[in-house]
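Structure record follows, encoded as structure tokens.
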Amino acid sequence: MSVDTATVAKIASLARIKVSEAELEAMVPELNGILAWVEQLGEVNVDGIEPMTAVIPNKQRLRDDVVNADPLTGGDIRDKVLANAPAAEHGFFGVPKVIE
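Taking the working numbering as reference, the numbering of the sequence shown is continuous, increasing by one, and the terminal residue is 413.
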């Protein structure tokens with residue numbers, strides 16, 4: 314795949330980027346080089362290789378999900394929270410209707 318000046322101008326227009334004619338001409342070989350490199354990556358045999366999310370093994374340290382662990386920030390304080398709401402309806406925050 315390769316791009317020409319018109320394609321680069323169209324991409325710049327869609328991205329709302331102002332690009333001069335000289336910059337357009339300079340970007341054509343750069344973008345073609347990037348696309349050639351991506352095509353070259355597509356030719357690499359990756360059969361049997363697991364996808365990676367990082368180059369080193371990472372393990373998330375998770376905490377137990379305990380409801381009401383902290384009395385100040387835990388759950389079951391709906392009435393206290395809704396006391397500050399300008400409008401509460403059926404145990405939820407009431408908001409103005411925005412879609413007709």
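For every residue, glycine included, the Cβ atom is placed at its ideal position computed from N, Cα and C.
Computed from a prediction, not measured in an experiment: that's the story for all the values here.
Quiz item: Taking just the CA atoms, how far does V332 sit from N371?
Solution: Cα to Cα, the separation comes out at about 42 Å.
Self-check item: N-terminal and C-terminal residue of the alpha helix (DSSP H) that E334 is part of
Solution: It spans 334–355 - the alpha helix (DSSP H) in which E334 sits, taken as one unbroken run.
Quiz item: Apart from the five residues just before and just after F406, which ones in its own chain have a Cβ nearer than 6 Å to its Cβ?
Solution: Its chain contains A398 as the residues whose beta carbon lies nearer than 6 Å to that of F406, once the 5 sequence neighbours on both sides are disregarded; these appear in chain order.
Quiz item: Which whole-angstrom value describes the C-beta separation of S315 and L348, a residue pair presumed to lie in contact below a C-beta threshold of 8 Å?
Solution: For a cut-off of 8 Å, the C-beta gap from S315 to L348 is around 7 Å, short enough to register as a contact.
Exercise. In the DSSP assignment, find the unbroken alpha helix (DSSP H) run with I324 in it and report its ends.
Key: Under the DSSP assignment, I324 falls in the alpha helix (DSSP H) whose first and last residues are 318–327.
Exercise. Flag K331 as yes if its beta-carbon sits less than 7 Å from any beta-carbon of chain D, otherwise no.
Key: Chain labels in this structure do not include chain D; a single protein chain is all it has.
Self-check item: Separation of H403 from D389, as counted between CA atoms
Solution: So the alpha carbons of these two residues sit roughly 15 Å apart.
Practice problem: Starting from R391, trace the alpha helix (DSSP H) both ways and give me its first and last residue. | Solution: Looking at the DSSP string, the run of the alpha helix (DSSP H) that includes R391 is 391–395.
Self-check item: Where A398 sits in the DSSP three-state scheme
Solution: Looking at A398 - three-state DSSP - the assignment turns out to be coil, as it is neither helix nor strand.
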